[in-house]
Amino acid sequence: MTHPLVSQAMIDDYQTDGVVLVKGLFTDHVETLRAGVAANMAEPGPYASENKKEGETGRFFDDYCNWSRIPQFREVIEASPAAEVAADLMKSQSVQMFHDHVLVKEPGTSMATPWHQDGPYYFVEGQQNISFWSPLDPVKQATLRCVAGSHRWEKEVLPTRWVSEEGFFADEGQYMPIPDPDAEGMKVVEFEMEPGDAVAFNYRTLHGARGNTSDSRRRAFSLRLVGDDARYVERPGRTSPPFPGHDMKQGQRLREDWFPVLLQR
């Protein structure tokens with residue numbers, strides 16, 4: 074039995090396109106998440122950043138790996154149907170926590186979230202993975218944009234640092250250059266969304282977002298989860314998130330004391 078928020082068509086689309094909209098995934102938890110984001114911004118974690126290039130306007134705040142210290146995030150992760158929906162879409166019997174991510178674009182923020190895949194930054198590999206991106210404010214223009222089918226590309230896209238645009242790792246031919254999906258006529262999927270809706274996408278799905286030129290905030294909460302086949306993998310350099318001192322070896326499952334199992338069917 075699948076969760077009532079999930080249909081077979083959604084599972085098929087997730088497997089084929091690497092992206093699908095889940096209406097109302099966090100609708101019952103929006104106020105809790107807003108309180109968590111406020112707490113996060115009041116006391117940023119060690120990985121918090123203010124993404125701003127020279128000449129850009131507004132404020133683009135992001136931070137990750139705070140669920141264990143911000144009770145509102147932990148509450149939503151445990152109480153929402155996210156793990157069940159993730160299991161259905163990934164076709165996985167287990168769902169394991171990876172990390173959370175907060176992205177806030179204040180009104181008048183000109184900087185776009187650059188096109189990228191999450192997977193190359195991470196130390197985890199496997200087909201069964203999922204990221205939920207959920208706005209806590211209505212979004213029309215500053216929503217998430219995903220390239221359908223990009224999770225099945227033969228090569229991953231070169232990971233870069235968002236502000237400096239430098240490569241995150243040395244590229245010895247294992248990565249492809251960052252494409253321009255609009256100029257290259259790729260199928261870009263995006264949705265007008267209400268607070269609590271969520272875009273579910275694969276770690277290797279190419280995605281980005283426009284700046285927020287509206288007069289309203291755009292707060293977003295992301296939750297990254299993994300399934301049965303997820304395994305630790307060595308990367309050419311420091312990963313993001315780095316999780317220093319994890320002591321995992323190539324091919325191991327993620328250690329459950331750091332990355333707890335949220336669901337086991």
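Mapping of the sequence shown onto my numbering: residues 74 to 338, in sequence order.
By construction, the Cβ of each residue, glycine as well, lies at the ideal position given by its N, Cα and C atoms.
Computed from a predicted model, the values in this text were never measured in an experiment.
Candidates the options: closest to residue i by CA position
i: Met266; options: Gly324, Lys213, Arg326 and Gly281; result: Lys213
i: Glu329; options: Thr312, Asp301 and Gly310; result: Asp301
i: Ala303; options: Lys96, Lys322, Asp288 and Leu231; result: Lys322
i: Phe171; options: Arg142, Met83 and Ser204; result: Ser204
N- and C-terminal bounds of the alpha helix (DSSP H) containing residue i
i: Asn340; result: The structure shown does not extend to residue 340, since the chain is modelled only from 74 to 338, so the question has no answer here.
i: Arg147; result: Pro144 to Ala152
i: Thr89; result: Gln81 to Asp90
i: Val236; result: Element bounds for Val236: n/a, residue is neither H nor E.
Extent of the continuous beta strand (DSSP E) run through residue i
i: Tyr137; result: Phe133 to Tyr137
i: Gln169; result: Ser167 to Lys178
i: Val334; result: Val334 to Gln337
Exposed unless 16 or more other CB atoms sit within 10 angstroms - verdict on residue i
i: Pro317; result: exposed
i: Gly118; result: exposed
i: Val177; result: buried
i: Ser153; result: buried
i: Gln201; result: buried
i: Val334; result: exposed
Three-state secondary structure assigned by DSSP to residue i
i: Gln75; result: The displayed chain sequence assigns Thr, not Gln, to residue 75. If DSSP states are grouped into helix, strand and coil, Thr75 belongs with coil.
i: Arg129; result: Per the sequence shown, the amino acid found at residue 129 is Glu instead of Arg. Of the three classes helix, strand and coil, the one that applies to Glu129 here is coil, per DSSP.
i: Glu198; result: strand
i: Thr182; result: strand
i: Val306; result: coil
i: Leu209; result: coil
i: Pro187; result: strand
Any non-hydrogen atom of the ligand MN closer than 7 Å to residue i Cβ
i: Ser167; result: This structure lacks the ligand MN, and indeed carries no ligand of any kind.
My parser needs the beta strand (DSSP E) runs of 3 or more residues fully inside the region 250–292; what are they?
Segments of the beta strand (DSSP E) lying fully in the region 250–292: 261–263, 271–274 and 280–282.
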